[in-house]
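Going by this note's numbering, the sequence shown opens with residue 27, and the numbers climb by one from there.
The C-beta atom is built at its ideal place from N, Cα and C for all residues, glycine as well.
Working notes for the structure below.
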Amino acid sequence: MDLSLFFFADSSQGAGAGGGAEGAVAAGAAVDAGGSGASGSAPAAPAVVPQEEPAGRDRYRLLLDSARFADAHGFTAVWTPERHFHRFGGQYPNPALTGAALAAVTERIGIRAGSVVAPLHHPIRIAEEWAVVDNLSGGRAGISVASGWHARDFVLRPENFKDRRDIMVETATAVQRLWRGEEVEFEGAEGERRGVRLYPRPVQRELPLWITAAGSPQSFRVAGRLGAGVLTHRLGQADDALERNIAGYREALAAEHGPRARGHVVVMLHTLLGADRARVRALAEGPLTGYLRSSMELIAAAPSADGFSLDRMSADDRDFMVARQFDRLFTRAGLFGTVADAVPVVARLAAMGVDEIACLIDFGVPPEEVLDSLHHLAALREACATA
């Protein structure tokens, strides 16, 4: 099983993605004894207090320091997303730019977009930017493409929102053709068709490509038909649903590309490992709760939220929902606790057909704690490699 690092939210906030008291971890906070396997009081987590938002290089320090560590310790890749117009993730508007920065500070690790919102961009722009990253990195670039979901993001290309899923497939196909060196026709200034080729030429002959799938069986099958990998998560998928989706992906892949086609399945997991499970829970609970609140607010603000309204929920109901989400993430849908806790999670996902776990580490835990946890994650990688 390969392990990679995934950045998604806003690692600049020491008190979690939501900031403020909601993201604070009180010193010596009570922890859930269930599943900890330890008796007595848990070691207290350091207090996390709201901090002034970093600026300049400090905003991306965790990203760059983590990438350097991953590069030196045999991790597979670093993924950065495309996010717009919200504090939750807004420090990552263009993964090609963060990818170029990562190329400058690493030598071996894959540099990937997780993901490019394809309907917001012309395929030439995607291909050109990532060809530059591929050259800067010596052939380590890869991208996952997504259709997009938040209507506000489509102020960049409002005409593409309605047909965004079809446009995603068309864009991904055009990017692949450009990458291979084919001449691809696009509409010119006066409606005429003009053929263009990609420059600079990339190092890799084929662009490593994934499709970002939130859980829709159709998205998994689209990835299979395209011959792409799939990037998904466990937030809204029970294990049986994920297993069915992976099987559907493999079936579509084999039908279109032959029985020997293997593909590549990446599952993103929120991750924090340490020497003591109870201390990890104490460290994670405040920041991850703030992260979940910010995520819930972002989803609720989307026009496609299908009637979901935070305004109709009491404060107690919101707290209950977030607490349930946290408990599920910590105990079943994430990678939390000790290396010993994590090994069976990795084994279970491997048995389901997962090839890589993308470890989301920037949900608000203090950067020094995240960097320390990477040593435990490296130990997990070693344990899984020798199992």
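Collapsed DSSP secondary structure at residue i in the structure displayed
| i | result |
| --- | --- |
| Asp192 | helix |
| Arg220 | strand |
| Phe212 | strand |
| Trp205 | helix |
| Thr102 | coil |
| Arg87 | helix |
| Ala177 | helix |
| Leu182 | coil |
| Ser7 | In the structure displayed, the chain extends from 27 to 413; residue 7 sits before or after that span and is not available. |
| Val371 | helix |
| Glu311 | helix |
| Leu233 | coil |
| Pro72 | Residue confidence for Pro72 is low, a pLDDT of 36 falling below 50, so the modelled location carries little weight and cannot support an answer. |
| Val306 | helix |
| Leu261 | coil |
Of the residues the options, the one placed nearest residue i, counting alpha carbons only
| i | options | result |
| --- | --- | --- |
| Gly174 | Gly140, Thr357 and Leu397 | Gly140 |
| Glu382 | Ala157, Arg358 and Arg407 | Arg407 |
| Gly241 | Val293, Gly217 and Val348 | Val293 |
| Gly255 | Gly262, Gln263, Leu261 and Ile272 | Ile272 |
| Phe352 | Arg319, Arg231, Ala377 and Ala215 | Arg319 |
| Gln117 | Val248, Val222, Asp388 and Asp160 | Asp388 |
| Ser415 | Gly379, Ala249, Leu279 and Leu162 | Examination of residue 415 is not possible in this model, given that the chain is present from 27 through 413 alone. |
| Leu314 | Leu298, Ala304, Asp302 and Ala198 | Leu298 |
| Thr132 | Glu155, Ala93 and Lys188 | Ala93 |
| Glu395 | Arg190, Asp91 and Phe34 | Asp91 |
| Ala280 | Leu397, Leu182, Val181 and Arg247 | Arg247 |
| Leu355 | Gly274, Leu128, Arg251 and Glu311 | Glu311 |
| Val380 | Arg276, Glu185, Gln202 and Arg183 | Arg276 |
| Ala134 | Asp97, Thr106, Ala172 and Asn161 | The residue you asked about is not Ala; residue 134 is Arg in the sequence shown. Cα-wise, what sits closest to Arg134 is Asp97. |
Boundaries (first-last residue) of the beta strand (DSSP E) holding residue i
| i | result |
| --- | --- |
| Asp28 | Asp28 to Phe32 |
| Leu123 | From DSSP, Leu123 is part of no beta strand (DSSP E) but of the alpha helix (DSSP H) over Pro121 to Val131. |
| Phe362 | Leu361 to Gly363 |
| Val293 | Val291 to Leu299 |
| Val171 | Ala167 to Ala172 |
| Ala254 | Where Ala254 is concerned, there is no enclosing beta strand (DSSP E), given that its DSSP letter is neither H nor E. |
| Glu108 | No beta strand (DSSP E) holds Glu108; DSSP gives it neither H nor E. |
| Ala384 | Glu382 to Leu386 |
Through-space distance from residue j to residue i, alpha-carbon basis
| i | j | result |
| --- | --- | --- |
| Cys385 | Val372 | 12 Å |
| Val158 | Ala126 | 8 Å |
| Gly360 | Phe95 | 21 Å |
| Asp367 | Tyr225 | 47 Å |
| Ala376 | Arg219 | 47 Å |
| Asp28 | Ala341 | 41 Å |
| Leu204 | Arg227 | 9 Å |
| Ser120 | Ala405 | Reading the sequence as shown, one finds Asn at residue 120 and not Ser. Cα to Cα, Asn120 sits roughly 31 Å from Ala405. |
| Arg87 | Pro392 | 12 Å |
| Gly164 | Pro243 | 35 Å |
| Val369 | Val143 | 33 Å |
| Phe101 | Thr364 | 18 Å |
| Asp343 | His176 | 24 Å |
| Leu146 | Ile193 | 9 Å |
| Arg178 | Ala411 | 43 Å |
| Leu403 | Pro285 | 34 Å |
| Ser67 | His112 | Only weak support is given to the placement of Ser67: the predicted model assigns it a pLDDT of 34, under 50, and the value that follows is read from those uncertain coordinates. Cα-Cα distance, rounded: 39 Å. |
| Phe362 | Ala304 | 10 Å |
Unbroken alpha helix (DSSP H) run spanning residue i, endpoints
| i | result |
| --- | --- |
| Ala281 | Asp265 to His283 |
| Thr412 | Pro393 to Thr412 |
| Val158 | Pro149 to Ser163 |
| Arg138 | No alpha helix (DSSP H) holds Arg138; the beta strand (DSSP E) holding it covers Gly136 to Val143. |
| Ala6 | Residue coverage of the chain in this structure runs from 27 to 413, which leaves residue 6 outside it and unanswerable. |
Heavy atom of the ligand COA within 7 Å of residue i beta-carbon
| i | result |
| --- | --- |
| Val229 | The model depicted lacks the ligand COA and carries no ligand whatsoever. |
Inspect the CB distances between the segment 224–235 and the segment 260–268 and report whether three or more fall short of 8 Å. The answer is no - the segment 260–268 does not touch the segment 224–235, with fewer than three Cβ pairs under 8 Å.
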